[in-house]
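Visitor: Take 1 as the starting number for the sequence shown in UniProt numbering and just add one per residue. Dropping a structure here in structure tokens format, bear with me for questions.
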Amino acid sequence: MAARRYPRLCRLLAGLGGAASLVLLISLYTAVSEVQVLSELTFFPLWRREKPLYKLDVNWPLIPFTGQTFCVAVDDVNGLVYVGQRGDENVPKVVVYTEDGYFLQAWNASIEMPHGIFVLNTPNATSVWITDVGTGKYGHTIKQYTPSGELLQVIGTAGRAGSGTNPLQFDQPAEIFVEESGDIYIVDGDGGLNNRLVKLTPDFKTLWLHGENGSGTAQFNIPHSVTVDAVGRVWVADRANWRIQAFQKTTGEWLGCWNSCFTQDGPSSVRLTPDQRYMIVAHINIDRVSILAAPPVGSIEDCVVMDTIQLASEVKPHLVDVSKKTGAIYVAEIGAQQVQKYVPLY
């Protein structure tokens, strides 16, 4: 069987003799470690793993979705998954499932077109934040809700697109990330007037922003997703520039960018695993989720793809979230009108 699969290797070993063959085999094993050997001594790229890092949970959810699923957020404290949907008037804008896949509740509460969703857990309360890219009387805003859908407050000027900071205005804000301290990070620019990253205080005062459209340092072209890591770096999926940019969260200083991993499509979503070991990135146009090696502390160096999850054609993964408790990845797929759950194997 080995002779059929690796003919050149077998001929080489036969010519070397027993001792030399053993030395060569040990050297090859040491060099490639867990990397799979293909026929004709061709190797997988280093990020191709023999054992995948995640597997699909085929039983999640137990009840299907009714609309286009644009975003997903995990409340790992209470074991819940919030999904933002779009559709006709009969489609609820937010549906809530348990992490086991059971449908729990649905609500609308003055949402036109949900785009991004985020769950904040603090010692005192849980809240759900939704970016609304609608163009009607509720749109161009970010809204904070109770877990049952009661509207608590609105950021931005409802129904009016703009770029102002006093008062705050947005134009199709893509996603929000809120720290437990209450500091807020917003990527504002799902194709509208703005291409910016804004940091706000808990009372919505602007601390810093980067707001230039372009492809240069700290410029954006459709900043689509944002997350903050454990060492104080803000990561932005700069979707149409096919890169991820990093900033220091206190000062807003630009730290660098990753682009070598994005040769086929830009990143539409970015999240980190609970152990900060991997960065999870979705690619909407090639139906793929990439698992990148998390950046080292200090210099961010360059990105390395550790594994990929290739999805079915035209499912269009839009935004993702990761459970801080289980490490499971939830992928909101617009084309397939579903959210899929992938559980870690490592």
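Don't be surprised by glycine CBs; every beta carbon is placed ideally from N, CA and C. As the structure is a computational prediction, the values presented were derived from the model and not from experiment.
Considering only residues of the same chain and omitting the five flanking positions on each side of P61, which have a CB-CB separation below 6 Å?
Guide: If we look at P61 and ignore the five residues flanking it on each side, its Cβ neighbours are Y97, G101.
Visitor: Where does N213 sit, in a helix, a strand or coil, going by DSSP?
Guide: In the structure shown, N213 sits in a strand (DSSP, three-state: E or B).
Visitor: For the ligand NAD, is there a heavy atom less than 7 Å away from the beta-carbon of G298?
Guide: Here there are no bound small molecules, and the ligand NAD is not part of this structure.
Visitor: Taking the alpha-carbon of P114 as reference, which of V95, G211, Q248, F70 has the nearest alpha-carbon?
Guide: Closest option to P114, Cα to Cα, is F70.
Visitor: Please confirm whether R288 and I280 have their CB atoms less than 8 Å apart.
Guide: Taking 8 Å as the Cβ cut-off, R288 and I280 do not qualify as a contacting pair.
Visitor: In this structure, does DSSP put A240 in helix, strand or coil?
Guide: The answer is helix: DSSP assigns A240 an H, G or I state.
Visitor: How big is the Cα-Cα spacing for F65 and V128?
Guide: Answer to the nearest angstrom: the Cα atoms are 19 Å apart.
Visitor: Would DSSP call V83 helix, strand or coil?
Guide: DSSP places V83 in strand when its eight states are reduced to three.
Visitor: Should I284 and S260 be called a contact, given that it needs their Cβ atoms to be closer than 8 Å?
Guide: Their beta carbons are not under 8 Å apart, which means I284 does not touch S260 by this criterion.
Visitor: Does DSSP classify R271 as helix, strand or coil?
Guide: In the structure shown, R271 sits in a strand (DSSP, three-state: E or B).
Visitor: Specify, as a first and last residue, the run of the beta strand (DSSP E) that K199 falls within.
Guide: Taken as a continuous stretch (DSSP letters only), the beta strand (DSSP E) holding K199 covers 196 to 200.
Visitor: Considering only residues of the same chain and omitting the five flanking positions on each side of V198, which have a CB-CB separation below 7 Å?
Guide: Closer than 7 Å at the Cβ level, and outside the excluded window around V198, lie I186, D188, T206, L209.
Visitor: Per DSSP, which one or two residues make a beta bridge with H283?
Guide: Note: H283 sits in a beta bridge opposite R288.
Visitor: Residue ranges of each beta strand (DSSP E) run of no fewer than 3 residues wholly in the region 129 to 192, ordered along the chain?
Guide: Complete beta strand (DSSP E) runs here, min 3: 141 to 145, 151 to 155, 173 to 178, 184 to 188.
Visitor: Going by CA-CA distance only, name the one from I111, A218, G192 that's closest to V234.
Guide: Ranking the options by Cα distance to V234, first place goes to A218.
Visitor: I believe V94 touches G149 by the beta-carbon criterion, under 8 Å. Please report the beta-carbon distance rounded to the nearest angstrom.
Guide: About 7 Å separates the two Cβ atoms, so the contact holds.
Visitor: Please state the DSSP three-state secondary structure of G256.
Guide: Three-state DSSP puts G256 in a strand.
Visitor: Going straight from the alpha carbon of R160 to that of S110, what length do you get?
Guide: Cα to Cα, the separation comes out at about 15 Å.
Visitor: I need the straight-line Cα distance from V339 to V72, nearest angstrom please.
Guide: Computed Cα separation, rounded: 8 Å.
Visitor: From the DSSP output, in three-state form, read off Y330 for me.
Guide: Y330: strand per DSSP, three-state reduction.
Visitor: Here's a check: name, in chain order, each residue in its chain whose Cβ is nearer than 6 Å to the Cβ of V32, leaving out the five neighbours to either side.
Guide: Because the pLDDT of V32 is 35, which lies under 50, any placement of that residue in the model is unreliable, and the number read from its coordinates should be weighed accordingly. Nothing meets the Cβ criterion.
Visitor: Please determine, among F204, G232, G182, N195, the residue with the shortest C-alpha to C-alpha distance to G162.
Guide: Answer by Cα proximity: N195.
Visitor: To the nearest angstrom, report how far apart V77 and R86 are at their CA atoms.
Guide: C-alpha separation (whole angstroms): 26 Å.
Visitor: Helix, strand or coil: which one does DSSP assign to T308?
Guide: Strand, per DSSP.
Visitor: Considering only C-alpha positions, which residue in the set T157, V119, F220, I222 is nearest to I184?
Guide: I184 has its Cα closest to that of V119, out of T157, V119, F220, I222.
Visitor: Measure the alpha-carbon distance for L193 versus W242 and round it to whole angstroms.
Guide: About 19 Å.
Visitor: So is V178 buried or exposed if we call it buried at 16+ other beta carbons inside 10 Å?
Guide: Buried, by the Cβ-count rule.
Visitor: Excluding the five sequence neighbours on either side, which residues of its own chain have a C-beta within less than 8 Å of the C-beta of P202, listed in chain order?
Guide: Closer than 8 Å at Cβ, skipping near neighbours: S181, G182, D183, I184.
Visitor: So D321 is in the beta strand (DSSP E); what residue range does that whole segment cover?
Guide: It spans 317 to 322 - the beta strand (DSSP E) in which D321 sits, taken as one unbroken run.
Visitor: For P52, which residues of its own chain have a beta-carbon under 7 Å away from its beta-carbon, when the five flanking residues on both sides are left out?
Guide: Excluding sequence neighbours, P52 sits near D307, L345.
Visitor: In whole angstroms, give me the CA-to-CA distance for A174 and V83.
Guide: Rounded to the nearest angstrom, the two C-alpha atoms are 15 Å apart.
Visitor: Following the continuous beta strand (DSSP E) through K341, name the residue where it begins and the one where it ends.
Guide: Where K341 is concerned, the enclosing beta strand (DSSP E) stretches over 338 to 344.
Visitor: What's the gap between the Cα of L9 and the Cα of G327?
Guide: Residue placement at L9 cannot be trusted, given a pLDDT of 43 that sits under 50; what the coordinates show is reported in the next sentence. Cα to Cα, the separation comes out at about 41 Å.
Visitor: Kindly indicate which residue of I244, N108, L152 has the alpha-carbon position closest to the one of V226.
Guide: Here the closest residue by C-alpha is I244.
Visitor: What does the alpha-carbon distance come out to for the pair S215 and Q169?
Guide: Looking at the two C-alpha atoms, the distance is approximately 23 Å.
Visitor: So which of L255, I291, A125, V304 has the shortest CA-CA distance to Q310?
Guide: Minimum Cα distance to Q310 is reached at I291.
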